[in-house]
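Each residue of the sequence shown is one higher than the last, beginning at 118 in my numbering. These notes concern the structure reproduced below.
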Amino acid sequence: MCQESLINHLNTETRIDAERIRKLIAFKDEDLVNGNGSRKKSLGFSDDEAQSLDRALSNIKVCDPACGSGAFLVGMLNEIVSARRILEPRSEYKLKKETIQECIYGVDIDPGAVDIAKLRLWLSLVVDFELRDIEPLPNLDYKIMCGNSLLEELIVGNESIKLFDERLLNLKELKSNPPENTRKEALKSQLQEKQKELFDLNAKNKLSMAKKKELDAEIAAINKELNPKAKKTKIGVYHPVFFADQADEYFKRLRELHKQFFTEYDPIKKKERRKQIEEIELEFIKSSIKEKVDEFDSKIKNLNMQDPGDRKRQAVLMQKKLEYLAIPGQIRNSKTRPYFLWKLNFFEVFQEKGGFDVVIANPPYVRVDEIDAQEREKFKSSFITATGKYDLYYLFFEKALSISGLISSCVFISPNKFCAADSAKKLRDLFFNIITSGDILSTSRLKVFDSVSNYPVISILKKGKCIKSDFIVKQAQDINSLMTVDKSSGYISSIEKLRAFPDSIIPININQESFDLIQRLFVNSVPLSSFLSISEGLRIPVKYESESKQDFEIVKQYQFSKWSEISTGAFISNSNLLKVISKDADRYKKILQEKILIAEDALEINATIDRQKRIPQGGVYFAICLKDNLGLEYLIGLLNSKLFSWMYKVMYSGMHMGGGYLRYRSRFLENLSLPRSLVTLSTNDQRFIIEKVEEILIIFKSYKDQESQGNIPKIKEYERQIDQMVCKLYGLSQEEIDIIEKL
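So, in structure tokens, the structure goes:
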């Protein structure tokens with residue numbers, strides 16, 4: 118990951134061919150450690166190219182927002198230093214120290230992990246050197262920092278308080294924007310919001326007299342401030358431009374202090390430098406707090422103290438004002454920070470480059486239901502990807518894209534769930550709206566983690582100018598050659614083609630011919646959801662199940678297989694069923710119809726027909742027909758065909774479990790593609806498939822034991838004929854049918 122991110126960065130910065138750069142980054146030679154400079158030319162770089170590469174490496178800004186014990190930071194340090202020493206022999210110690218000071222940044226929420234990361238960087242400096250040759254170790258407190266990478270605001274009650282005004286980073290632009298105009302635009306926006314709220318509440322008959330009075334007063338106050346003639350007092354509202362001159366000096370001083378602190382070894386001076394840095398940072402926070410306090414003052418001054426309602430509002434506003442005024446003192450006295458101010462703590466990076474060149478991470482994998490409820494609320498208001506059953510690493514992807522520069526790359530190792538999961542749709546949309554190219558390397562064939570529930574991928578997402586705008590998806594075959602991937606195990610696509618798939622999914626673990634075919638099948642097609650409505654079975658508590666016959670029979674996944682009859686299992690009474698689901702629920706009405714049952718976990722689609730109005734338990738999905746001219750026999754013929762299982766596997770193989778099993782979910786099944794010609798297919802055209810399906814169902818009905826000798830060959834023959842007809846309906850060529858047959 119470290120090597121690939123450097124190759125991508127150097128390729129973008131210098132326009133030197135990526136494969137030539139790969140030889141530089143991957144080059145390992147013991148002679149090099151001893152300073153043999155001839156290697157530069159043996160790798161084919163001219164002096165100008167070597168200087169260009171060295172300059173790019175010396176200026177790179179790399180960050181790990183979930184650095185843990187610093188594995189990636191140390192890895193990046195070693196790769197940068199190794200490459201620079203190939204380009205020009207020089208002191209390894211000095212290069213490492215320079216790289217740590219100028220290029221490496223990290224954040225983690227765990228103080229212990231931050232200390233270990235610092236220790237590892239220190240050890241990397243001294244491990245190969247004599248003690249007498251080593252200078253005192255640098256201070257890394259403002260390079261590797263502790264904080265919550267995902268939150269940049271302080272949460273007080275139900276309010277989110279911005280502690281640093283990012284506009285201060287671009288002081289020239291800020292000074293050219295008069296505060297009067299900015300304030301006027303903000304007031305106009307507030308006025309529109311209040312007027313819209315008043316209109317919407319009135320339209321829904323939800324506008325109480327008290328709320329109307331409150332909104333009328335707020336609208337009047339804003340109008341009063343927008344109209345200078347109507348204002349009795351001129352309100353000195355804070356604007357960051359008034360703080361800009363001070364901010365300019367503060368930034369210059371912070372830059373000096375960070376540099377001094379890095380090599381300050383005297384304990385007293387070190388403590389003094391730290392205090393100076395913290396006080397300047399607090400001044401920036403105070404300026405943001407003042408902006409909010411001035412807003413409260415503005416509202417208070419426009420209140421009518423003769424009005425009892427306004428007097429109550431004054432008390433509330435005064436209380437909030439006091440809470441805000443107390444924040445700087447609370448921060449000064451607190452040792453922990455439940456946030457991290459990226460653009461203040463690492464302001465040099467954002468002023469110089471607008472963000473990091475490389476964001477690299479192995480973020481924590483935490484499902485949303487394992488996240489503290491209060492934290493979930495914070496994330497929901499801060500991240501567009503915090504929707505559905507999301508995972509914490511989705512948010513780290515989003516944060517990485519926000520803190521990286523306009524021309525940059527984000528390199529992550531994470532579970533492959535985001536490639537297809539419904540909960541990650543907004544994340545995939547975010548990718549395709551921001552990035553210009555990308556690479557995804559699936560490692561599902563390799564035992565990267567002990568747990569089979571995690572199948573990781575390495576993602577390299579590139580922003581800004583790129584020599585190639587391709588999106589490349591590959592599958593690693595060997596742990597020792599992750600990035601050397603045979604073309605037969607991956608594919609190249611445009612972002613537009615991927616975006617055209619249902620929910621913008623990213624198919625993985627497939628080759629180019631499979632990708633080209635699945636992409637063609639989805640062009641001018643309609644989803645299966647146009648014909649079938651698929652729902653998940655009910656989560657029925659065991660206490661409601663009965664072994665004796667009741668009103669309804671429950672069907673579980675193990676009670677049926679592909680085409681088969683449904684064996685008898687547990688029962689449930691109507692009264693207990695209504696404790697699980699309301700009879701008015703749409704799913705309840707669907708469940709009592711004739712339907713197709715689909716096993717959730719299987720090697721291929723396993724579907725059968727239920728005509729007895731059984732109640733599917735969790736682990737079983739059920740589908741009802743939406744078209745009067747299509748029968749269940751025809752639709753189950755399509756579902757159980759080899760083509761449909763192939764489509765599902767190609768689209769959603771990233772969701773596979775141990776042993777090659779796939780999880781067949783309603784959303785994914787409904788996304789499967791049908792040709793538009795099938796929408797107008799006549800009953801006669803369906804007849805062939807229906808007849809074969811009926812023959813198969815008769816066999817299963819006649820012989821409870823589906824393994825009965827003499828019947829399997831007949832079933833296989835009928836299935837083969839159905840597969841042929843389905844491929845014909847899809848207009849597949851023999852070459853394309855051969856691809857399907859490889860399943």
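For glycine and all other residues, C-beta sits at the position ideal for the given N, C-alpha and C.
Q: Assign Gln592 to buried or exposed, taking buried as 16 or more other Cβ atoms, counted over all protein chains shown, within 10 Å of its Cβ.
A: Under this definition Gln592 is a buried residue.
Q. Hey, out of Met326, Ala538, Thr685, Phe669, whose CA is closest to Tyr675's CA?
A. Ranking Met326, Ala538, Thr685, Phe669 by Cα distance to Tyr675 puts Thr685 first.
Q: Answer with buried or exposed for Ala740, where buried requires no fewer than 16 other C-beta atoms within 10 angstroms of its C-beta.
A: It counts as buried.
Q. Taking just the CA atoms, how far does Ile406 sit from Ala443?
A. Taking the straight line from one Cα to the other gives about 10 Å.
Q: Measure the Cβ-Cβ separation of Gly654 and Gln734 and say whether it is below 8 Å.
A: For Gly654 and Gln734, yes; Cβs fall inside 8 Å.
**Q.** Among Tyr738, Ala361, Lys809, the one whose alpha carbon lies nearest that of Gly754
**A.** The residue among Tyr738, Ala361, Lys809 with its C-alpha nearest the C-alpha of Gly754 is Lys809.
Q: Pick out whichever of Lys313, Leu127, Ile715 has its Cα sitting closest to the Cα of Leu786.
A: Shortest Cα-Cα distance from Leu786 to any of Lys313, Leu127, Ile715 involves Ile715.
Q. Hey, how far is the Cα of Asn641 from the Cα of Gly736?
A. Those two C-alpha atoms are separated by around 32 Å.
Q. Roughly how many angstroms lie between the CA atoms of Lys321 and Lys329, to the nearest whole one?
A. Using only the alpha carbons, I get a separation of about 13 Å.
Q) Just how far apart, CA to CA, sit Pro480 and Ile448? A) Using only the alpha carbons, I get a separation of about 27 Å.
Q: Kindly indicate which three-state DSSP category Thr725 falls into: helix, strand or coil?
A: It is a strand residue.
Q: Using a threshold of 8 Å, state whether the C-beta atoms of Tyr456 and Leu194 are closer than that.
A: 8 Å or more divides the Cβ of Tyr456 from the Cβ of Leu194.
Q: Sort Asp474, Thr504, Ser306, Asp258 by Cα distance to Lys392 and report the nearest one.
A: When only C-alpha atoms are compared, the closest one is Asp258.
Q: Determine, using beta carbons only, whether Leu615 and Lys460 come nearer to each other than 8 Å.
A: No.
Q.
With distance defined between alpha-carbon atoms, name the residue in Glu395, Gln377, Gln431 nearest to Glu331.
A. Nearest of Glu395, Gln377, Gln431 to Glu331, Cα basis: Gln431.
**Q.** Proximal residues to Arg804 (C-beta, below 7 Å), its chain only, five neighbours per side dropped
**A.** Counting only Cβ-Cβ distances below 7 Å, and skipping sequence neighbours, we find nothing.
(Q) Between which residues of its own chain and Phe761 is the CB-CB distance below 7 Å, once the five residues before and five after are set aside? (A) Correct list, in chain order: Ile722, Leu755, Leu789.
Q | Residues of its chain near Ala537, where Cβ-Cβ distance is below 6 Å and the 5 sequence neighbours each way are ignored | A | Hits under 6 Å: Ile622, Tyr769, Gly771, Met772.
Q: Inspect the CB distances between the region 541-552 and the region 488-498 and report whether three or more fall short of 8 Å.
A: Note that the region 541-552 does not touch the region 488-498; fewer than 3 beta-carbon pairs, one per stretch, sit closer than 8 Å.
Q) To the nearest angstrom, how far is it from the Cα of Gly353 to the Cα of Ile336? A) Unreliable positioning characterises Gly353 in this predicted model, as indicated by a pLDDT of 38, which lies under 50. The coordinate reading is nonetheless provided below. So the two alpha carbons sit approximately 20 Å from each other.
Q) Which residues mark the beginning and the end of the alpha helix (DSSP H) in which Phe549 is found? A) Secondary structure note for Phe549: its alpha helix (DSSP H) is the uninterrupted segment 542-551.
Q | Among Ile197, Phe639, Leu343, the one whose alpha carbon lies nearest that of Val767 | A | Checked all of Ile197, Phe639, Leu343; the closest Cα to Val767 is Phe639.
Q: Rank Lys387, Gly555, Ile575 by C-alpha distance to the C-alpha of Ser586 and give the top, closest one.
A: Closest in C-alpha terms to Ser586, from the list Lys387, Gly555, Ile575, comes Gly555.
Q) Does Lys495 have its Cβ less than 8 Å from a Cβ in chain D? A) Absence of chain D from the displayed structure is noted, only one protein chain being present.
**Q.** C-alpha gap between Asp117 and Asp282, whole angstroms
**A.** No answer is possible for residue 117: it lies beyond the span of the chain, which begins at 118 and ends at 860.
(Q) Taking the alpha carbon of Glu398 as the reference point, which residue from Leu324, Phe549, Phe368 has its own alpha carbon closest? (A) With distances taken between Cα atoms, Glu398 lies closest to Phe368.
Q. Taking the C-alpha atoms as reference points, what is the distance between Ile221 and Ser561?
A. Taking the straight line from one Cα to the other gives about 30 Å.
Q | Under the three-state DSSP convention, the category Asp508 falls into | A | Three-state result, Asp508: strand.
Q) So does Ile402 have its beta carbon nearer than 7 Å to some heavy atom of the ligand ZN? A) With respect to small molecules bound, the structure shown includes none, and the ligand ZN cannot be examined in it.
Q.
I'd like to check one pair, Val483 with Leu509: are the Cβ atoms closer than 8 Å?
A. The answer is yes: Cβ separation under 8 Å.
Q: Excluding the 5 residues preceding and the 5 following Ser521 in the sequence, name in chain order all residues of the same chain whose CB lies nearer than 7 Å to its CB.
A: Once the five neighbours on either side are set aside, the close Cβ partners of Ser521 are Gly472, Phe473, Val476, Cys527, Lys580.
Q: With distances taken Cα to Cα, identify the nearest neighbour of Pro228 among Lys759, Pro253, Ile261.
A: The shortest Cα separation from Pro228 among Lys759, Pro253, Ile261 belongs to Ile261.
**Q.** Alpha-carbon spacing of Lys313 relative to Leu420, whole angstroms
**A.** Looking at the backbone, the Cα of Lys313 and that of Leu420 are separated by about 22 Å.
Q) Ser208 lies in the alpha helix (DSSP H); which residues open and close that run? A) Looking at the DSSP string, Ser208 is not in any alpha helix (DSSP H), and its letter there is neither H nor E.
(Q) Less than 7 Å between C-beta atoms, sequence neighbours within five positions excluded: which residues of the same chain meet that for Arg784? (A) Within the same chain, Arg784 has close Cβ partners Asp539.
Q. So, are the CB atoms of Arg390 and Glu381 less than 8 Å apart?
A. Contact flag set, yes.
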